[in-house]
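Engineer: Mind having a look at this structure? Questions to follow.
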Ligand SMILES: Cc1cc2nc3c(=O)[nH]c(=O)nc-3n(C[C@H](O)[C@H](O)[C@H](O)COP(=O)(O)OP(=O)(O)OC[C@H]3O[C@@H](n4cnc5c(N)ncnc54)[C@H](O)[C@@H]3O)c2cc1C
């Protein structure tokens, strides 16, 4: 079968790889000049089943409301005159009960664990390099109360088989001496020993090269404008460089998936949640971390990637702009300086902002669309790098008319 994958982010390229493994002929289309040039470009890099909590939680509505008055909230709501934003927000708020948050978190944790195992398989099969690092991730807290609450909350993930070890302040520093400078600010932490990290951009580009080696036709600098439907089936993607015919199509356009879907009257509840990242040279740090993690009070993620350190923060529900100003990074750089003695004024700093393709549940949509030969693998939100290889395997199974090797419960399209 000739399968056309729409989008060459981490989701599109991992999907292409699994389809090639199944023996399909594959074409991938993206408007970027390289794979992973949009949201998959400079994310936090954490492969983090230990952080699989749903963002829709009882705490979220209060944060969104406070964010209208203050700029220090983890989730920031920037209201716009946008029907898409208000519909999404209403659906997100409906997921914020304790029961919905727990149910979504359980499904997410199982998906992330499955997907991490698939990532490891792909790396073993292809041998690609991506500045990957094992050894766990450390989630640290600045107050004993927050640590206590986090340890209790982690029982939800532990019940899904994930190890989350509670560490005292001394144990945190012994686990990662790179946090020594912040010793006085740390009350303790949770170590997820099986969590990992790596550069999603490097991974995706290397896997794309591997896919081309396996015969994929990778069409970059190509804008997808519409899909032609005849007799209830998609027959071609209409693009800036011509028509691309295929037997099946997989939609992996991240935050832009709903725009193409809506031309076929398919409603996808995905809205961008903006985040910011800074990449610095590790040599500029006084105490570089040995493993990645999160400063939980500030929701500042940090991740060593080869000779670089990536820092990310912020979740802004406010539209499709990826613009950024120096002020957007001030707080995260100040926090990073407290922890690693770094960054402000350092040379070789790269600034970036990206749009997480969020669904209200925080779970992706991995399913058949209401059109028989159109498949959906999109809406991976804040964990698309972690989930990518698992969801790719699942959608390849669906395209091959098999039950997915991991259940897509909670990930079905509700149209
Ligand atoms: C700040 C930040 C930190 C994050 N940290 C983590 C993390 O630590 N761990 C984790 O697991 N995840 C993380 N994520 C989430 C992760 O980056 C995303 O879930 C993932 O990159 C989404 O991949 P995607 O392929 O769906 O989207 P994208 O990477 O955006 O790919 C979609 C592709 O579609 C193309 N496209 C769109 N429209 C068209 C069109 N009309 N024609 C042609 N091409 C088109 C785009 O060019 C793009 O290449 C983070 C995200 C952000 C923003």
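Residue numbers (this note's numbering): 91 to 505. For each residue, glycine too, the CB sits at the ideal point set by N, CA and C.
Please specify which runs of the beta strand (DSSP E), each continuous and at least 3 residues long, are wholly inside the stretch 111-175, giving them in chain order.
Structural biologist: 115-119 and 165-167
Engineer: Taking DSSP as the reference, what is the three-state secondary structure of residue 379?
Structural biologist: Residue mapping note: residue 379 aligns to position 289 of the chain shown, counting from 1. It is coil, neither helix nor strand.
Engineer: Return the bridge partner residues of residue 406 from the DSSP annotation.
Structural biologist: As a first step, residue 406 must be located in the chain shown, where it is residue number 316. Answer by DSSP bridge pairing, in chain order: 166 and 364.
Engineer: From the DSSP output, in three-state form, read off residue 107 for me.
Structural biologist: Taking the chain shown and counting its residues from 1, the one referred to as residue 107 is at position 17. DSSP places residue 107 within a helical segment (H, G or I) once states are collapsed to three.
Engineer: Name the residue from 333, 286, 147 and 302 whose alpha carbon lies nearest to the alpha carbon of residue 392.
Structural biologist: In the chain shown, counting from the first residue as 1, residue 392 sits at position 302. Cα-wise, what sits closest to residue 392 is 286.
Engineer: Which residue comes first and which comes last in the alpha helix (DSSP H) that contains residue 216?
Structural biologist: Counting from one through the chain shown, the residue named residue 216 turns up at place 126. That run of the alpha helix (DSSP H) goes 188-216.
Engineer: Answer with buried or exposed for residue 159, where buried requires no fewer than 16 other C-beta atoms within 10 angstroms of its C-beta.
Structural biologist: Taking the first residue of the chain shown as position 1, residue 159 is located at position 69. Exposed, since its Cβ has fewer than 16 Cβ neighbours within 10 Å.
Engineer: When you measure from the CB of residue 250 to every non-hydrogen atom of ligand 1, does any distance come out below 7 Å?
Structural biologist: Locating residue 250 in the chain shown gives position 160, counting from the first residue. Not so, every heavy atom of ligand 1 lies at least 7 Å from the Cβ.
Engineer: Measuring only the C-alpha atoms, how far is residue 173 from residue 462?
Structural biologist: Within the chain shown, residue 173 is the residue found at index 83, counting from 1. Within the chain shown, residue 462 is the residue found at index 372, counting from 1. Spanning the two alpha carbons is a distance of roughly 28 Å.
Engineer: Go to residue 395, then tell me how far its alpha helix (DSSP H) extends in each direction, as first and last residue.
Structural biologist: In the chain shown, residue 395 corresponds to position 305, counting from 1. Looking at the DSSP string, residue 395 is not in any alpha helix (DSSP H); the run it does join, the beta strand (DSSP E), is 390-395.
Engineer: Taking residue 377 as the reference, give the member of 397, 364 and 366 with the closest Cα.
Structural biologist: As a first step, residue 377 is located in the chain shown; it is residue number 287 there, counting from the start. Residue 377 has its Cα closest to that of 397, out of 397, 364 and 366.
Engineer: Using 10 angstroms around the beta-carbon of residue 215, count the other beta-carbons present and answer buried if the total reaches 16, otherwise exposed.
Structural biologist: Within the chain shown, numbered from 1, the residue matching residue 215 stands at position 125. Counting Cβ neighbours within 10 Å, residue 215 comes out exposed, since fewer than 16 surround it.
Engineer: Have a look at residue 116 and residue 132 and give me their C-alpha separation to the nearest angstrom.
Structural biologist: Along the chain shown, one-based indexing puts residue 116 at 26. Along the chain shown, one-based indexing puts residue 132 at 42. Their backbone Cα atoms lie some 26 Å apart in a straight line.
Engineer: When the Cα atoms are used, what is the spatial distance from residue 167 to residue 151?
Structural biologist: If you number the chain shown from 1, residue 167 lands on position 77. If you number the chain shown from 1, residue 151 lands on position 61. Roughly 10 Å separates the two Cα atoms.
Engineer: Using a Cβ-Cβ cut-off of 8 Å (strictly less than) and excluding sequence neighbours within five positions of residue 270, which residues of its own chain qualify?
Structural biologist: The residue labelled residue 270 in the question sits at position 180 within the chain shown. Cβ neighbours of residue 270 beyond the five flanking positions: 263 and 377.
Engineer: With 16 as the cutoff for other CB atoms within 10 Å, does residue 248 come out buried or exposed?
Structural biologist: The sequence position of residue 248 within the chain shown is 158, counting from 1. Answer is exposed; the Cβ neighbour count stays below 16.
Engineer: Judging by CA-CA distance, which residue of 492, 480, 430 and 355 is the nearest neighbour of residue 385?
Structural biologist: One-based indexing of the chain shown puts residue 385 at position 295. Measuring from the Cα of residue 385, the nearest candidate turns out to be 430.
Engineer: For residue 321, name the three-state secondary structure that DSSP assigns.
Structural biologist: Position 231 of the chain shown, counted from the start, is the residue given in the question as residue 321. Residue 321 falls in the coil class under three-state DSSP.
Engineer: Would you identify the three-state DSSP class for residue 457, choosing helix, strand or coil?
Structural biologist: The count along the chain shown starts at 1 and reaches residue 457 at position 367. Strand at residue 457.
Engineer: Roughly how many angstroms lie between the CA atoms of residue 154 and residue 162, to the nearest whole one?
Structural biologist: The sequence position of residue 154 within the chain shown is 64, counting from 1. The sequence position of residue 162 within the chain shown is 72, counting from 1. Rounded to the nearest angstrom, the two C-alpha atoms are 11 Å apart.
Engineer: Report the rounded CA-to-CA distance for residue 149 versus residue 96, giving the unit in angstroms.
Structural biologist: Walking along the chain shown from the start, residue 149 turns up at place 59. Walking along the chain shown from the start, residue 96 turns up at place 6. The straight-line gap separating the alpha-carbon atoms of residue 149 and residue 96 is approximately 36 Å.
Engineer: Use the C-beta contact count for residue 347: other C-beta atoms within 10 angstroms, 16 or more gives buried, fewer gives exposed.
Structural biologist: As a working note, residue 347 is residue 257 in the chain shown. By the 10 Å Cβ count, residue 347 comes out buried.
Engineer: For a test of your reading of the model: does the CB of residue 234 fall under 7 Å from any non-hydrogen atom of ligand 1? Yes or no.
Structural biologist: Your numbering for residue 234 matches position 144 in the chain shown. Checking every heavy atom of ligand 1 against the Cβ of residue 234, none is found closer than 7 Å.
Engineer: Alpha carbon to alpha carbon, what distance is there between residue 138 and residue 501?
Structural biologist: Working through the chain shown from its first residue, we reach residue 501 at position 411. Working through the chain shown from its first residue, we reach residue 138 at position 48. About 19 Å.
Engineer: For residue 356 versus residue 460, is the C-beta spacing smaller than 8 Å?
Structural biologist: Walking along the chain shown from the start, residue 356 turns up at place 266. Walking along the chain shown from the start, residue 460 turns up at place 370. Yes, the pair counts as a contact, with Cβ atoms nearer than the cut-off.
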